[in-house]
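The block underneath contains the structure these notes are about, expressed in structure tokens.
There are 4 protein chains.
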Amino acid sequence: MLGPNNYGKAEVRIVQVRRDDPHDLVDLNVSVALAGDLASTHLTGDNANVLPTDTQKNTVYAFARQYGVDSAEAFGSRLARHFVDSQPTIQAARVSIEEYPWRRLGPHSFARSGEGVRTATVTYDGTAEWVVSGVTDLVLLNTTDSEFHGFIVDRYTTLAATTDRILATAVRASWRHTASPSDWTDCYLAARAAMVEAFTGTYSLSLQQTLHAMGQAVLASAPGIAEVRLSLPNKHHFLVDLSPFDLDNPGEVYFPADRPYGLIEGSVLRDDAPPPGLAWGF
Amino acid sequence: MLGPNNYGKAEVRIVQVRRDDPHDLVDLNVSVALAGDLASTHLTGDNANVLPTDTQKNTVYAFARQYGVDSAEAFGSRLARHFVDSQPTIQAARVSIEEYPWRRLGPHSFARSGEGVRTATVTYDGTAEWVVSGVTDLVLLNTTDSEFHGFIVDRYTTLAATTDRILATAVRASWRHTASPSDWTDCYLAARAAMVEAFTGTYSLSLQQTLHAMGQAVLASAPGIAEVRLSLPNKHHFLVDLSPFDLDNPGEVYFPADRPYGLIEGSVLRDDAPPPGLAWGF
Amino acid sequence: MLGPNNYGKAEVRIVQVRRDDPHDLVDLNVSVALAGDLASTHLTGDNANVLPTDTQKNTVYAFARQYGVDSAEAFGSRLARHFVDSQPTIQAARVSIEEYPWRRLGPHSFARSGEGVRTATVTYDGTAEWVVSGVTDLVLLNTTDSEFHGFIVDRYTTLAATTDRILATAVRASWRHTASPSDWTDCYLAARAAMVEAFTGTYSLSLQQTLHAMGQAVLASAPGIAEVRLSLPNKHHFLVDLSPFDLDNPGEVYFPADRPYGLIEGSVLRDDAPPPGLAWGF
Amino acid sequence: MLGPNNYGKAEVRIVQVRRDDPHDLVDLNVSVALAGDLASTHLTGDNANVLPTDTQKNTVYAFARQYGVDSAEAFGSRLARHFVDSQPTIQAARVSIEEYPWRRLGPHSFARSGEGVRTATVTYDGTAEWVVSGVTDLVLLNTTDSEFHGFIVDRYTTLAATTDRILATAVRASWRHTASPSDWTDCYLAARAAMVEAFTGTYSLSLQQTLHAMGQAVLASAPGIAEVRLSLPNKHHFLVDLSPFDLDNPGEVYFPADRPYGLIEGSVLRDDAPPPGLAWGF
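Listed in order, the protein sequences are those of chains S, C, R and G.
According to my numbering, the first sequence holds residues 7 to 288 in order.
According to my numbering, the second sequence holds residues 7 to 288 in order.
According to my numbering, the third sequence holds residues 7 to 288 in order.
According to my numbering, the fourth sequence holds residues 7 to 288 in order.
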């Protein structure tokens, strides 16, 4: 029996230049996924209901020229609606976008800036639309104001309690909108700033506590945000034992480990948040 | 309001040597995720209910010594059950394992072999257990017996129909068990072999059709497999246009593109497959 | 016959926190390579002349505590000199350092910033020392002021001449010092700024011309810099052909390709630059 | 002053299908670098002497069709000679090729196999040609027959001597030919097999000793090989301390670390090896 399925073109890279004075650019990685009446291509290879992924790619480029890219959210919405509304066989579309940041260096010059990648995912089923915004690869670190103690001790415990540690993470956050803000980019910047401020301003007894503060801050940044999901690796920084060399190490020299790492995932939502529908997946 | 959440140690790397004659080794990447009564660490930083991720890591290593690793599935099950059964505050555990293949070169010598990574995910909630096996990074290619035509044509179509193309993909597949096989490794090898045979043996009119054949083959390989989920990138190989150089190109010289790529995702399940419960996620 | 050889510990990750007001941190990836009287370990496995790589790692951490990290160049120099001066069997040492940038967010908070990684390589042979500074992964883009035409045309030419294209690269640059500046970090920042200014300010007829301007700018930024080596990928941005959709594309919608890419490598040096010695390799 | 420079197209991906019975395929990543009379493009942007990198790419594809790919070495030689011999302004060319292995599954079906990538680099200056063959990403592991002791002990030593450890590495090896073998692929396979046999068969007192044995084995595999260069990371496998859990660990449970790692580099050459010329770099 054929179960749920979808298909699309992933990672369509597009750079759009706005030749105003000064020039501006937007740098996107667009992925499309479509679902619908697709049983026949699965069962017999009859493609009469299939809009090729190559055509999806062409549409991304053509729409950028025809309509421009106001924001990742608006561009994703336009694309998702097009695929469903123009194709009777396509019943739902999800457009996921990564937007890479660039910093202006001059009237037509830019440097790729690495402080996180903006994300947007728009899902449309012919009736309702779900918009999720977010950020990924935003690496934050506090050198102090982080403790961890009072945890369960069992046979396999060796971890010592600590009242001062480095807390570092690479933020992956997504927030679901129930209303469109007047400006998607302003909304993104406010949510992101609130989240960063919560990370830096929270005296942390666990990364979970920090996560919750960050989620609450995002909700507080805009009334139209109903839910936030965060995935926060605990990027461990281990104090190096220098005692074999007759040296102390008063919170100074750390080994930042690659693997393994803690991974804390959680969500914060308003009491009156509506059901997520297709916001988080087909 | 705090929503669903979980936490754990990700990517615990472990190599276990069995010093029999000949030696053998197993090479795993183990990730643990726990859920339960964790509101207080989120809301106040009270960690009384938290089993530290460091302890989870220790448990992985200790269990490997105490009980050995019969198979990724059995090892994952033992760990998942331990965390839930030994900790009143932990109500569900998911253990996800990647197993890297090595080929024997001699009585104590091995070469890392790259044909895919075996995966296993075991979820346990104190009562029921869900076991999912799978493979990832298995790259397959047919040089012929693949067509693609008869698709929708719209304003944005430029793709030409073809009756002979290269079909290549990097298989990511997972299958859900409703009964434990007598030998997890035999079951894995049979499912994998069936899937590869379906890829190579299917005359393909669409990658969806190949996906469906692969899913059916996995189901047919073992009665205890109820559902298969596949994610197949279409790794495009474009025929290079050599006509500017007065050369033909009869299906000989291709440019394998990195991005964008098609992405086909689908599932195949038995008519009587039970609901998935927590098999695919908390 | 045993030929040239070296050994060492690669990628020792270290984060050092300075607990002043405000806190500061330095984030390094240190690699050590040693050469000397090492024939016996190669030929017979006699390790009497070998300083283990584990000890090298320990030394990196201990020196950070004992002496601090003033700059990557000074820290590398101290380490390189130590290995050669303290071990009769070690005749030359190279210490290569990557320094990851962080941006201050608060008195003890930081965000990982992605605009390039600072590099330093110090080589010492017991008598002379060579210091090379540099930057890598600095991605720059001009939306205009770049042409490319007048090139050789042969049987295999299909490229059209252009008088307006996007020029983008990921800078990898290294510069060799013949004198120590008063402040290594100031020197780095000045060289980097000069290079970026040359990229943005050069009306470019070829990426080679831009490379040369960047190299000259680095030389001009400090009298103690004798040579600059640059490796500049030409990160192609191809204008998408929208004519099949009855759309023009006046320098607006581009496809940034991953592979293949042009790669331009060149050096600029002062007329009176001394020979490089071991600056660029053992 | 303009110093040494070169330019070219990097990472031209090509898959060539031979439609015999059964089908066969070759999968290459080709990089070209050219040097010559290129001062004017650096100094003034005059490109009259520049063969565009786009043309180099076209030539790779056209030559694959015109002449086929007998071996990476022969294909690289043909390309390198073409660029120098056909262009008066190009005085030297280097063609570097990675060849990805595929394992046959059927008459037109293949699986990407991961046991190492074959490499070839051909350099030609209009008169002489240098051919280097090699392998990279070949991961090997011995579970025993490896010791490490008798090393220097200083203030920073904490490493314990061991008489039984895991020895693992990812081989990166290149060997320089002074004569062309009758069959490049046979020669590659013999050199590689000799190297693997030396790794598995050497009772090792240091990774340097193993490296030397591997280099000697490659030299012994073919009279036309004059020099071998090896770069061997010591992929550390640390025995996990299970004593806190009242468990012993008799060489059974290991943590394979990512970073830092030892890195051993060395060369082995015949007594009568001629000077390398441009074999290892412009």
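Ideal Cβ placement from N, Cα and C applies to all residues, glycine included.
In this text the structure is predicted, and so the values were computed from the model without any measurement.
Item to check | In DSSP terms, what Asp254(C) is bridged to | outcome: Start at 1 with the first residue of the second sequence, and residue 254(C) comes out as number 248. Per DSSP, none; premise fails for Asp254(C).
Item to check | Validate contact between the region 140 to 158 of chain S and the region 205 to 225 of chain S using beta carbons, cut 8 Å, 3 pairs | outcome: yes
Item to check | Residue nearest to Val141(C) in terms of C-alpha spacing, selected from Ala39(C), Asn53(C), Lys63(C) and Ala200(C) | outcome: Here residue 141(C) is taken as the residue at index 135 of the second sequence, counted from 1. Nearest C-alpha to Val141(C): Ala200(C).
Next on the checklist: Starting from Gly268(R), trace the beta strand (DSSP E) in both directions and tell me its first and last residue.
Outcome noted: Looking up residue 268(R) in the third sequence gives position 262. From DSSP, the beta strand (DSSP E) with Gly268(R) extends over Tyr267 to Leu275.
Item to check | Contact set for Asn35(R): own chain, Cβ-Cβ below 6 Å, skip 5 residues either direction | outcome: Translated into the one-based positions of the third sequence, residue 35(R) becomes position 29. Result list for Asn35(R): Glu17, Arg19 and Glu104, in chain order.
Next on the checklist: Could you check whether Val101(C) and Val128(C) sit closer than 8 Å to each other, using their CB atoms as the reference points?
Outcome noted: Here residue 128(C) is taken as the residue at index 122 of the second sequence, counted from 1. Here residue 101(C) is taken as the residue at index 95 of the second sequence, counted from 1. Taking 8 Å as the Cβ cut-off, Val128(C) and Val101(C) qualify as a contacting pair.
Checklist entry - Apart from the five residues just before and just after Lys241(S), which ones in its own chain have a Cβ nearer than 7 Å to its Cβ? => result The residue you call residue 241(S) lines up with position 235 of the first sequence. Ala174, Thr175, Ala176, Pro262 and Tyr267.
Checklist entry - Using a C-beta cutoff of 8 Å, does Lys63(C) count as contacting chain S? => result The sequence position of residue 63(C) within the second sequence is 57, counting from 1. Lys63(C) counts as touching chain S.
Next on the checklist: If contact is defined by three or more beta carbon pairs under 8 Å, each pair taking one atom from either stretch, is the region 186 to 194 of chain S in contact with the region 84 to 93 of chain C?
Outcome noted: no
Next on the checklist: Between Arg265(G) and chain R, is the shortest Cβ-Cβ distance under 8 Å, so that the two count as touching?
Outcome noted: Counting from one through the fourth sequence, the residue named residue 265(G) turns up at place 259. Yes, Arg265(G) lies at the interface with chain R (some Cβ there is under 8 Å from its Cβ).
Checklist entry - Listing by chain order, which chain G residues have their CB less than 9 Å from the CB of Phe251(S)? => result For this step, residue 251(S) is matched to residue 245 along the first sequence. Residues of chain G passing the Cβ test: Arg161, Tyr162 and Thr164.
Next on the checklist: Just checking: is the beta-carbon of Ser115(R) within a distance shorter than 8 Å of some beta-carbon in chain S?
Outcome noted: Position 109 of the third sequence, counted from the start, is the residue given in the question as residue 115(R). Output row for Ser115(R): interface = yes.
Checklist entry - Helix, strand or coil: how does DSSP classify His114(G) here? => result Numbered from 1 along the fourth sequence, position 108 holds the residue referred to as residue 114(G). In this structure, His114(G) counts as coil in the three-state DSSP scheme.
Item to check | Close-in-space but distant-in-sequence residues of the same chain around Pro280(G) (CB under 7 Å, 5 per side omitted) | outcome: To locate residue 280(G), count along the fourth sequence from 1; it is residue 274. Closer than 7 Å at the Cβ level, and outside the excluded window around Pro280(G), lie Thr184 and Ala232.
Item to check | Length of the line joining the Cα atoms of Phe81(C) and Asp247(C) | outcome: As a first step, residue 81(C) is located in the second sequence; it is residue number 75 there, counting from the start. As a first step, residue 247(C) is located in the second sequence; it is residue number 241 there, counting from the start. C-alpha separation (whole angstroms): 52 Å.
Checklist entry - When you compare only the Cα positions, how much space is there between Gly74(C) and Arg110(C)? => result By 1-based counting over the second sequence, the position of residue 74(C) is 68. By 1-based counting over the second sequence, the position of residue 110(C) is 104. Going by the C-alpha atoms only, they are around 20 Å apart.
Item to check | Opening and closing residue of the alpha helix (DSSP H) in which Thr142(C) lies | outcome: Taking the first residue of the second sequence as 1, we reach residue 142(C) at position 136. Thr142(C) -> not in any alpha helix (DSSP H); beta strand (DSSP E) instead, spanning Glu135 to Asn148.
Checklist entry - Candidates Pro187(S), Asp252(S) and Ala179(S): which alpha carbon is nearest Ala219(S)'s? => result Reading the first sequence from its first residue, position 213 is the one you call residue 219(S). It is Ala179(S).
Next on the checklist: Can you find the residues in the same chain that come closer than 7 Å, C-beta to C-beta, to Thr164(R), ignoring five residues on each side of it along the sequence?
Outcome noted: Position 158 of the third sequence, counting from 1, holds the residue named residue 164(R). Nothing listed; no residue qualifies.
Checklist entry - If you measure from the beta carbon of Arg198(S) to each beta carbon in chain R, is any gap under 8 Å? => result Position 192 of the first sequence, counted from the start, is the residue given in the question as residue 198(S). Taking Cβ atoms only, chain R never reaches closer than 8 Å to Arg198(S), which makes this a no.
Checklist entry - Using the rule of at least 16 other Cβ atoms within 10 Å of the residue's Cβ for burial, across every protein chain shown, is Gly221(G) buried or exposed? => result Residue 221(G) sits at position 215 when you count from the first residue of the fourth sequence. Flag for Gly221(G) reads buried.
Item to check | CB-CB length for Leu269(G) against Ser227(G), believed under 8 Å | outcome: In the fourth sequence, residue 269(G) corresponds to position 263, counting from 1. In the fourth sequence, residue 227(G) corresponds to position 221, counting from 1. Their Cβ separation, rounded to whole angstroms, is 25 Å, which puts Leu269(G) and Ser227(G) out of contact at 8 Å.
Item to check | Limits of the unbroken alpha helix (DSSP H) element including Asp91(S) | outcome: As a first step, residue 91(S) is located in the first sequence; it is residue number 85 there, counting from the start. Here the alpha helix (DSSP H) through Asp91(S) covers Ala78 to Ser92.
Item to check | Where the beta strand (DSSP E) containing Thr125(C) begins and where it ends | outcome: In the second sequence, counting from the first residue as 1, residue 125(C) sits at position 119. Unbroken beta strand (DSSP E) run through Thr125(C): Val123 to Tyr130.
Checklist entry - Name the chain G residues whose beta carbon is nearer than 7 Å to that of Leu49(R)? => result On the third sequence, residue 49(R) is found 43 positions in, with the first residue counted as 1. Here the neighbours are His218.
Item to check | Contact set for Arg198(C): own chain, Cβ-Cβ below 6 Å, skip 5 residues either direction | outcome: In the second sequence, counting from the first residue as 1, residue 198(C) sits at position 192. Hits under 6 Å: Val141.
Checklist entry - Whole beta strand (DSSP E) runs in the region 12 to 78 of chain C with 3 or more residues, listed along the chain? => result 18 to 24 and 30 to 42
Checklist entry - Who are the Cβ neighbours of Pro113(G) in its own chain at under 8 Å, not counting the five residues just before and after it? => result Taking the first residue of the fourth sequence as position 1, residue 113(G) is located at position 107. Excluding residues within five positions, the ones whose Cβ falls inside 8 Å are Asp27, Pro28 and His29.
Checklist entry - With which residues is Trp190(C) paired in a DSSP beta bridge? => result Residue mapping note: residue 190(C) aligns to position 184 of the second sequence, counting from 1. Trp190(C) is not bridged to any residue.
Next on the checklist: Helix, strand or coil for Thr168(S)? Go by DSSP, reduced to three states.
Outcome noted: As a position in the first sequence, residue 168(S) is number 162, starting the count at 1. The answer is strand: DSSP assigns Thr168(S) an E or B state.
Next on the checklist: Which residue wins for smallest C-alpha separation from Pro239(R), given the options Asn12(G), Ala54(G) and Met7(G)?
Outcome noted: As a first step, residue 239(R) is located in the third sequence; it is residue number 233 there, counting from the start. Checking every option, the nearest Cα to that of Pro239(R) belongs to Asn12(G).
Item to check | Thr208(S), DSSP secondary structure in three states | outcome: Numbered from its first residue, the first sequence carries residue 208(S) at position 202. It is coil, neither helix nor strand.
Item to check | 8 Å Cβ cut-off: residues of chain D touching Leu31(S) | outcome: Although the question refers to chain D, the structure presented lacks it and instead comprises the protein chains S, C, R and G.
Item to check | Phe244(G), buried or exposed, once every other Cβ within 10 Å from all chains shown has been counted against 16 | outcome: Residue mapping note: residue 244(G) aligns to position 238 of the fourth sequence, counting from 1. It is exposed - the Cβ of Phe244(G) has fewer than 16 other Cβ atoms within 10 Å.
Checklist entry - Quick one, are the C-beta atoms of Ser186(R) and Val234(R) less than 8 Å apart? => result By 1-based counting over the third sequence, the position of residue 186(R) is 180. By 1-based counting over the third sequence, the position of residue 234(R) is 228. No, the Cβ-Cβ distance between Ser186(R) and Val234(R) is not below 8 Å.
Checklist entry - Does DSSP put His183(C) in a helix, in a strand, or in coil? => result The residue you call residue 183(C) lines up with position 177 of the second sequence. In the structure shown, His183(C) sits in a strand (DSSP, three-state: E or B).
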